[in-house]
Amino acid sequence: IWSHPTRRSGDGLPPHQQASGINAGVMLFRPDAALFDQLEAELQDWYHPEHYGTYMPEQEYLGRFFGTFGQWSHVSCNFNFEIDKNERIPHDFTVAHEVIRAGGSVEHVGASVLHYSGKGIKPWDLMMRDKAGSCSLKVRDACGLQCLYQQLVVEGPGEHLDGYVDVARLWAAMIEWLSQCVE
């Protein structure tokens, strides 16, 4: 993986531009103490020019940092499969994504890591209740989690996935995650 060319050279872009941003959902780093020290120094310096509010600060910071000081390459969607990407950002949904999506509602054949990147599909939200803007767990113990899981399997997605088209596949992925917590 370390010998893989960067997207910049593959796309013929100037070195200061990126084909797309870094998705920080799943990342693989080569250990480098000097690089880590530089990152840490920037992050700890409150007045560093890289400190400003953005939509996805960690991803945008890493994209700027590695776009300037290092090389980076995309991890295959097999290792970072955003389960609702076809609905949120269809222009970035590749043939490789479609092969995995078409593999079945539960299996996601070919995907090693499912990335729950969309706001409405975070499976851990199924375990939370919102009380006046302050979230708390719906369950107190493993027995409660088992009961919640069984209840959600019976009830189905209800309004959890309002606005999504591919509800059956997305719900299956969310329930799969919750079932792993129950185990």
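The sequence shown maps to residues 27 to 209 in the working numbering.
The beta carbon of each residue, even a glycine, is placed where N, CA and C say it ideally should be.
**Prompt:** By a C-beta neighbour count over all protein chains shown, 10 Å radius and 16 as the cutoff for buried, is residue 143 buried or exposed?
**Reply:** buried
**Request:** Measure the beta-carbon distance from residue 146 to residue 204 and round it to whole angstroms, keeping in mind my assumption that it falls under 8 Å.
**Result:** Not quite, the Cβ-Cβ distance comes to about 15 Å (not below 8 Å), so this is no contact.
**Request:** Scan the segment 150–186 and note each continuous beta strand (DSSP E) run of 3 residues or more that stays entirely inside, going in chain order.
**Result:** 154–157 and 160–163
**Request:** Might you give, ordered along the chain, the residues of its own chain that have their beta carbon closer than 7 Å to the beta carbon of residue 200, omitting 5 neighbours on each side?
**Result:** 147, 149 and 152
**Prompt:** Roughly how many whole angstroms lie between the Cα atoms of residue 165 and residue 172?
**Reply:** 9 Å
**Length of the line joining the Cα atoms of residue 111 and residue 51** = 13 Å
**Item:** Cβ-based burial, residue 73 [other Cβ within 10 Å; buried from 16]
**Value:** exposed
**Close beta carbons around residue 113, own chain, < 7 Å, minus the five adjacent residues each side** = 190, 191 and 192
**Asked** Among 48, 66 and 89, which one has its Cα closest to the Cα of residue 103?
**Response** 48
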